[in-house]
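Peer 1: Pasting a structure below so you can have a look.
Residue numbers (my numbering), protein chains in the order written: chain E, -18 to 274; chain W, 8 to 380; chain P, 3 to 354.
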């Protein structure tokens, strides 16, 4: 039963990684850039939720909606100001700019919201479902996280494969030049992708801080890196891959802590990642690109 | 052009005379980054003390300056050097342990006296005659906690959860584990966490629960501790909890459900809910200025400046003395004087710079601290 | 390409190399003179050694990122290996070699050897991957090194060296000394790193890298970077060349780590985390990939910049972030670049 409990903890942690990883993967798929500021957008989203609920007494779900809208706007602004001018630049230059953006968001948050940790009110309270005479407990927030994660994954997959905008995104991701020739507004498509990615980040922020309820200006950065690892793990650019990678990373992390060593769990997680990439060099579900000679 | 030059010279001269009568006191601490909460609190505490002292208009006046070290030894030395260029006469060391180890070595080499508010590792003062601490040294806290739990008979089977990449947490954990046997405690579960995996504690808590720990010792700051308490409640685990001074602050986190901390015991030198006049005055002032309730770092910073005020007054020091002249005077004062502050009465220092004051055992009842005795 | 143009290109390349050496030597002499005449503030004097260490880091990472064309996000890991092995060596030698510069030199060499070994072991899996996957694996190794060093204990007593993992079970005899103490790192380090030592290390790093780049191997590196498949098809042993650059880069990073660590009285594994790896990458990208002088200048500027921003107190790191973004935009956006070059009255005609 302990094993099952750990498994559920792992899935819970993993679903949060998965939601963040979905945002990473969306943006990577289209712009081929690692948006290191993504983790900080999560933090901003969580702060917006916090203030909406605690200071303005908004309904938690409404608060998440507000955070999604504001984060989407933030995503578009960040993209337009910092990444768009570098569309022709080498990808490393964009990577560094994204890191600059991450510092910028963190330090702005520090000035606006102070360094004191805030305790995030859970969107669904702190209760739990108890099963098997209380030997197995699944908290409400865990259940909600897993459901939301699944819904987002399915919705995103449908969006990308069925809608016009989604098809435009895939076209841009394949070949921007050709997409433009086909009459697709590449800039608008990329902006849209950032908006969606940042909106997802807001949801991830609310769930992350509901499950693990403290909020600081640096809250997003480490989960951001972990989620980025998860996205690569599953095959970056692939939506089911990000989902699978996130879940697996969470489960491996908890199992490593439980059965190997709580001090070395990070080393174990990254060790597994390396082994997976050696066996499947493009991640679990990633596409191997054929090299053209 | 000439006029401008004359004017600016005048301004320069004026500011020099205005500050000429004040002691330049400087410290480094994390004012940005993940550890900013500690640095900013210590800085604000010190600021309030310096302004109070200056407002009284006594012989000792302070010109206080804090520099950001982002909780990093390299940046701390940079910040220390910036303060040295500014003309720092006495130093507040650094707020956090590892950076303070680095700046303490500089303090020792440059003969600038240092009194750190909160850098608690033993290596900070080791082998340095002019570096002193305002807070308990880590090993003392570990032993004191084990003694307290053992002698009062709170528990026999104890679990420890600590933050492995934090010098403070690890230092206390080491001496606690070492001395636990002496006080009849059996450590049944030892689990750690680190930066980057400090959100989910289900494994650590399950381990403690399965091994039958009656009490969980939490040598850490209050932010991870608040997560541990919440997760333990969610899984229906209710042992006794015992924390150290880093736990102080948990009740004042915005949005924290105080019922989670019900019954938590901690050893802390400072308690923002205390009703004595000094504490009430400080807490009210801090809240008025910054809109937050001060934690022990703020109290330590506050006490440091007052301790300096007392030492400088007693030594009949004047602001025109340089750091090297002040250093032996301060060593003499701090090893002989007794200080009454927010974080303790009858505070004394030993020759090696460690502080002796009584830790107060506290327990949280109905969302407030109550003395354990 | 005519022969003449080739010769011209070679000459331009040589000019650039000599210019790099000249600027580094001139900067060293100026700093030394200013430092000895007390013209340099304590703040600047205190940064001389770390700046040298960062410059060497930038040069060494440039070998992987700029010349080899592979992104590495774990370079601080090698710095860490070098820092810990170097400092431990220096502490062990304390009783045997009283002359500090020799001890420092030996420590830096040992650091280079250890880091090179780590580079070799890590290089075997890493170099089989490509692009972002290679980058993420270097990040993973950086984190693993940090995690292991945070749980590593090393002590010495009359019986020799003892080490343990996870907790201190070295059981040293009385009179023994615990050197590396897990997450507490190393304390009480003698500060034997000096600015001249940093300068010498930088010069050695430059010589090694320039010689490598302008040798047969260097041409192979660039062939691999520009077109891997073509390089492979003419029979270049890609893995061998990649490994060579990777190990060399790790070794230099190790020496820089030892130099850096011995400038402070204490060192912890957490110092060499992802953020430090990124910082070094920023030096390389800002200075221009493959441009050694650019990386060196960027390392100096970005180390001094946050110190010069201290007067802005709480807005300091915010301003740093803004400056970083603006610098990246200014050096990489075609329109802004053109605008800037129009402002420059000394621009060369052929560039206009």
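Note that CB positions come from ideal geometry on N, CA and C, so glycine has one too.
Please read these numbers as outputs of a predicted model, since none were measured by experiment.
1. Work out the CA separation of residue 78 of chain P and residue 130 of chain P for me, nearest whole Å.
2. Classify residue 8 of chain W as buried or exposed, calling it buried when 16 or more other Cβ atoms lie within 10 Å of its own Cβ.
3. Can you give the Cα-Cα distance for residue 76 of chain E and residue 62 of chain W, rounded to whole angstroms?
4. With 7 Å as the C-beta to C-beta threshold (strictly closer), list the residues of the stretch 194 to 225 of chain E near chain P in chain order.
5. Does DSSP put residue 101 of chain P in a helix, in a strand, or in coil?
6. What's the call for residue 176 of chain P, buried or exposed, on a 16-neighbour Cβ count within 10 Å?
7. So for residue 109 of chain E, helix, strand or coil by DSSP?
8. Between the stretch 135 to 162 of chain E and chain P, which residues of the former have CB atoms less than 7 Å from a CB of the latter, in chain order?
9. Check this for me: beta carbons of residue 73 of chain P and residue 92 of chain P, under 8 Å apart or not?
10. Check residue 67 of chain W in the structure and name its three-state DSSP category.
11. Leaving aside the five residues before and after residue 19 of chain W along the sequence, list all residues of the same chain whose C-beta is less than 7 Å from its C-beta, in chain order.
12. Which residues in chain E have a C-beta closer than 8 Å to the C-beta of residue 284 of chain P? List them in chain order.
13. In the DSSP assignment, find the alpha helix (DSSP H) that holds residue 376 of chain W and state where it starts and stops.
14. Let me know the secondary structure DSSP gives residue 6 of chain P once reduced to three states.
15. With 16 other CB atoms within 10 Å as the buried threshold, where does residue 108 of chain E fall?
16. Going residue by residue through the stretch 221 to 292 of chain W, where are the continuous alpha helix (DSSP H) segments of at least 4 residues, counting only ones entirely within it?
17. Where do the ends of the alpha helix (DSSP H) carrying residue 383 of chain W lie?
18. Counting Cβ pairs closer than 8 Å, one from the stretch 366 to 375 of chain W and one from the stretch 274 to 285 of chain W, do we hit at least three?
19. Decide if the stretch 287 to 294 of chain P is in contact with the stretch 36 to 56 of chain E; the criterion is three or more beta carbon pairs, one per stretch, under 8 Å apart.
20. Find the residues of chain C that neighbour residue 97 of chain E, judging by a C-beta separation of less than 7 Å, and give them in chain order.
21. Examine chain E for any beta-carbon lying closer than 8 Å to the beta-carbon of residue 149 of chain P, and answer yes or no.
22. Buried or exposed for residue 96 of chain P, please, with buried defined as at least 16 other CB atoms from any protein chain shown within 10 angstroms of its CB.
23. Exposed or buried, what is residue 376 of chain W when buried is set at 16 or more other beta-carbons lying within 10 Å of its beta-carbon?
24. In chain order, what are the residue ranges of uninterrupted alpha helix (DSSP H) at least 4 long that sit wholly in the stretch 21 to 104 of chain W?
25. For residue 162 of chain P, which of P:146, P:181, P:150 has the nearest alpha-carbon?
26. Going by C-alpha to C-alpha distance, which of W:35, W:292, W:134 sits closest to residue 86 of chain W?
27. Using a Cβ-Cβ cut-off of 8 Å (strictly less than) and excluding sequence neighbours within five positions of residue 206 of chain W, which residues of its own chain qualify?
28. Going by alpha carbons, who is nearest to residue 7 of chain W out of E:183, E:197, E:133?
29. Check whether the Cβ atoms of residue 230 of chain E and residue 261 of chain E sit closer than 8 Å, and answer yes or no.
30. Report the partner residues of residue 183 of chain P according to the DSSP bridge assignment.
31. Grouping DSSP H, G and I as helix and E and B as strand, with all else coil, what is residue 162 of chain W?
32. Which value, in whole angstroms, describes the spacing of the CA atoms of residue 168 of chain W and residue 247 of chain W?
33. Helix, strand or coil for residue 15 of chain P, going by three-state DSSP, please let me know.
34. Just to confirm, is the Cβ distance from residue 129 of chain E to residue 91 of chain E under 8 Å?
35. Among E:267, E:123, E:244, E:24, which residue has its Cα nearest to the Cα of residue 225 of chain E?
36. Sorted by chain position, which residues of the same chain lie with C-beta nearer than 8 Å to residue 113 of chain P's C-beta, five sequence neighbours on each side aside?
Peer 2: Based on what the coordinates show:
1. Your numbering for residue 130 of chain P matches position 128 in the third chain. Your numbering for residue 78 of chain P matches position 76 in the third chain. If I take the Cα positions, the gap works out to 21 Å.
2. On the second chain, position 1 is the one that residue 8 of chain W refers to. For residue 8 of chain W, the predicted structure reports a pLDDT of 41, less than 50, and the residue's modelled location is therefore unreliable. A value from the coordinates is still provided. Classification for residue 8 of chain W: exposed.
3. Locating residue 76 of chain E in the first chain gives position 95, counting from the first residue. Locating residue 62 of chain W in the second chain gives position 55, counting from the first residue. Looking at the two C-alpha atoms, the distance is approximately 51 Å.
4. Answer set for the stretch 194 to 225 of chain E: 206, 210, 213, 217.
5. Mapped onto the third chain, residue 101 of chain P falls at position 99. Residue state for residue 101 of chain P is assigned as coil, using DSSP reduced to three classes.
6. Against the third chain, residue 176 of chain P aligns to sequence position 174. By the 10 Å Cβ count, residue 176 of chain P comes out exposed.
7. Taking the first residue of the first chain as position 1, residue 109 of chain E is located at position 128. Taken through DSSP and simplified to helix, strand or coil, residue 109 of chain E comes out as strand.
8. Listed by position along the chain: nothing, the set is empty.
9. Within the third chain, the letter at position 71 stands for residue 73 of chain P. Within the third chain, the letter at position 90 stands for residue 92 of chain P. No, Cβ-Cβ distance for residue 73 of chain P and residue 92 of chain P is not below 8 Å.
10. As a first step, residue 67 of chain W must be located in the second chain, where it is residue number 60. It is coil, neither helix nor strand.
11. For the purposes of this step, residue 19 of chain W is taken as residue 12 along the second chain, with counting starting at 1. Its pLDDT being 40, under 50, residue 19 of chain W is placed unreliably by the model, and nothing is read from it.
12. The count along the third chain starts at 1 and reaches residue 284 of chain P at position 282. The contacting residues are 77, 80.
13. On the second chain, position 369 is the one that residue 376 of chain W refers to. Not the alpha helix (DSSP H): residue 376 of chain W falls in the beta strand (DSSP E), residues 375 to 378.
14. Along the third chain, read from residue 1 onward, the residue named residue 6 of chain P stands at position 4. It is helical.
15. Locating residue 108 of chain E in the first chain gives position 127, counting from the first residue. Exposed: under 16 other Cβ atoms inside 10 Å.
16. Listed in chain order, they are 229 to 241.
17. This structure does not reach residue 383 of chain W, given that chain W is present from 8 up to 380, and the question cannot be answered.
18. As far as the Cβ criterion goes, the stretch 366 to 375 of chain W touches the stretch 274 to 285 of chain W, which means the pair count is three or higher.
19. With fewer than three CB-CB distances shorter than 8 Å, the stretch 287 to 294 of chain P does not count as touching the stretch 36 to 56 of chain E.
20. Of the chains in the structure shown, none is chain C; the protein chains are E, W and P.
21. To locate residue 149 of chain P, count along the third chain from 1; it is residue 147. Yes, its Cβ sits closer than 8 Å to a Cβ of chain E.
22. As a first step, residue 96 of chain P must be located in the third chain, where it is residue number 94. By the neighbour-count rule (16 or more Cβ atoms within 10 Å), residue 96 of chain P is not buried but exposed.
23. Position 369 of the second chain, counted from the start, is the residue given in the question as residue 376 of chain W. Burial check for residue 376 of chain W: the Cβ neighbour count within 10 Å reaches 16 or more, so the residue is buried.
24. Those alpha helix (DSSP H) runs which fall completely within the stretch 21 to 104 of chain W and span 4+ residues are 43 to 63, 80 to 93.
25. As a working note, residue 162 of chain P is residue 160 in the third chain. For the residues P:146, P:181, P:150, the minimum Cα distance to residue 162 of chain P belongs to P:181.
26. Stepping through the second chain from its first residue, residue 86 of chain W is reached at position 79. Considering only alpha carbons, the answer is W:35.
27. The count along the second chain starts at 1 and reaches residue 206 of chain W at position 199. Cβ-Cβ distances below 8 Å link residue 206 of chain W to 234 in the same chain, with the five nearest sequence neighbours on each side left out; the list follows chain order.
28. The shown model of chain W, from 8 to 380, leaves out residue 7 of chain W, and the question about it has no answer.
29. Counted from its first residue, the first chain places residue 230 of chain E at position 249. Counted from its first residue, the first chain places residue 261 of chain E at position 280. For the 8 Å CB-CB criterion, residue 230 of chain E and residue 261 of chain E do not form a contact.
30. Along the third chain, one-based indexing puts residue 183 of chain P at 181. According to DSSP, which records beta bridges pairwise, residue 183 of chain P is partnered with P:155.
31. As a first step, residue 162 of chain W must be located in the second chain, where it is residue number 155. Looking at residue 162 of chain W - three-state DSSP - the assignment turns out to be coil, as it is neither helix nor strand.
32. In the second chain, residue 168 of chain W corresponds to position 161, counting from 1. In the second chain, residue 247 of chain W corresponds to position 240, counting from 1. Cα to Cα, residue 168 of chain W sits roughly 13 Å from residue 247 of chain W.
33. By 1-based counting over the third chain, the position of residue 15 of chain P is 13. Reduced to three states, the DSSP call for residue 15 of chain P is helix.
34. On the first chain, residue 129 of chain E is found 148 positions in, with the first residue counted as 1. On the first chain, residue 91 of chain E is found 110 positions in, with the first residue counted as 1. No, Cβ-Cβ distance for residue 129 of chain E and residue 91 of chain E is not below 8 Å.
35. Within the first chain, residue 225 of chain E is the residue found at index 244, counting from 1. Selected option, being the one with the closest Cα: E:267.
36. Along the third chain, read from residue 1 onward, the residue named residue 113 of chain P stands at position 111. In chain order, 83, 84, 85, 87, 88, 91, 256, 257, 259, 260 place their CB closer than 8 Å to the CB of residue 113 of chain P, counting only its own chain and leaving out the 5 sequence neighbours on each side.
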